[in-house]
């Protein structure tokens with residue numbers, strides 16, 4: 001029979017482990033597990049805490065291992081999936097990010113951030129239609145998602161679909177009037193269409209917004 005553990009000790013345990021080397025880190029978990037017959041739920045909390053600490057320190061390899069450890073025990077742990085997807089995305093492992101985020105979205109179809117991340121990762125592996133579909137889902141869930149509209153604009157730009165790009169960028173600045181990059185991108189899209197005067201107008205707007213931000 002497993003010993004009931006005071007979960008208030010877990011924070012101390014996680015903090016203590018993060019101060020040690022990776023090898024000692026893992027051996028401490030093994031020892032703690034054998035000694036106290038750690039409950040699976042508590043082990044999950046520990047590995048999630050480890051993953052978060054590693055992410056904060058920029059140690060993505062160790063974070064990925066920790067979140068995968070959670071998923072090896074709880075394959076439908078959506079919190080671990082999201083963090084693993086972000087770690088993959090941040091380290092350029094975009095195909096793996098797509099894989100884990102698709103699994104996440106089977107379990108939770110209401111998470112706009114997950115759709116945005118899937119769109120970003122899909123674009124980076126040149127799956128543009130998949131990316132646009134995911135980003136459209138993101139803005140359907142969260143109509144105020146300026147970054148998702150901006151990313152859609154980038155993809156349309158990449159496809160030389162300048163009118164669609166301009167439409168997406170303008171939605172981004174409607175939501176966030178201080179989105180300097182979006183104004184600049186509108187200018188570039190107009191330049192792609194050969195409309196120099198419109199391009200210059202938005203380049204000036206981008207500069208004005210940036211200058212305003214520096215003053216504030």
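Residue numbers (my numbering): 1 to 216. Beta carbons are placed, not taken as given, at the ideal position from N, Cα and C, and that holds for glycine. On a predicted model such as this, the values are computed, not experimentally measured, just so you know.
Next on the checklist: Can you tell me where the alpha helix (DSSP H) holding residue 160 begins and where it ends?
Outcome noted: Within the chain shown, numbered from 1, the residue matching residue 160 stands at position 160. Where residue 160 is concerned, there is no enclosing alpha helix (DSSP H), given that its DSSP letter is neither H nor E.
Next on the checklist: Our contact map puts residue 166 next to residue 183 with C-beta atoms below 8 Å; I'd like the distance itself, whole angstroms only.
Outcome noted: Position 166 of the chain shown, counted from the start, is the residue given in the question as residue 166. Position 183 of the chain shown, counted from the start, is the residue given in the question as residue 183. About 11 Å separates the two Cβ atoms, so there is no contact after all.
Item to check | Distance, residue 76 Cα to residue 105 Cα | outcome: By one-based count along the chain shown, residue 105 stands at place 105. By one-based count along the chain shown, residue 76 stands at place 76. Near 11 Å, if we compare the C-alpha coordinates of residue 76 and residue 105.
Next on the checklist: As a quick exercise: from 146, 159, 161, pick the residue whose alpha carbon is nearest that of residue 179.
Outcome noted: Numbered from 1 along the chain shown, position 179 holds the residue referred to as residue 179. The option with the nearest alpha carbon to residue 179 is 146.
Checklist entry - By how many angstroms is the C-alpha of residue 188 removed from the C-alpha of residue 203? => result As a first step, residue 203 must be located in the chain shown, where it is residue number 203. As a first step, residue 188 must be located in the chain shown, where it is residue number 188. If I take the Cα positions, the gap works out to 8 Å.
Item to check | Classification of residue 197 by the beta-carbon crowding that lies within 10 angstroms, buried from 16 upward | outcome: Counting from 1 along the chain shown, the entry for residue 197 is found at position 197. Residue 197 comes out exposed.
Checklist entry - What's the gap between the Cα of residue 36 and the Cα of residue 117? => result By one-based count along the chain shown, residue 36 stands at place 36. By one-based count along the chain shown, residue 117 stands at place 117. Confidence is the limiting factor: at residue 36 the pLDDT is only 45, short of 50, which leaves the residue's position unreliable and the question unanswerable from this model.
Next on the checklist: Pop quiz: residue 220 and residue 149 are said to be a contact at Cβ under 8 Å. What is the actual Cβ separation, rounded to whole angstroms?
Outcome noted: Past the edges of the chain, shown from 1 to 216, lies residue 220, and the structure says nothing about it.
Next on the checklist: Once DSSP output is grouped into helix, strand and coil, what is the label at residue 202?
Outcome noted: As a first step, residue 202 must be located in the chain shown, where it is residue number 202. Correct three-state label for residue 202: helix.
Checklist entry - Can you give, in chain order, each stretch of the alpha helix (DSSP H) that sits fully within the stretch 65 to 142 and has at least 4 residues? => result 78 to 90, 94 to 107, 112 to 124, 128 to 141
Item to check | Nearest candidate by alpha-carbon position, reference residue 173, set 162, 163, 185 | outcome: By 1-based counting over the chain shown, the position of residue 173 is 173. Cα-wise, what sits closest to residue 173 is 185.
Item to check | Residues near residue 96 by beta carbon distance below 7 Å, same chain, minus five either side | outcome: If you number the chain shown from 1, residue 96 lands on position 96. 88.
Checklist entry - Any heavy atom of the ligand HEM closer than 7 Å to the CB of residue 184? => result Absence of the ligand HEM from the depicted structure is noted, as is the absence of any ligand whatsoever, leaving it without description.
Item to check | For residue 194, three-class secondary structure by DSSP | outcome: On the chain shown, residue 194 is found 194 positions in, with the first residue counted as 1. Of the three classes helix, strand and coil, the one that applies to residue 194 here is coil, per DSSP.
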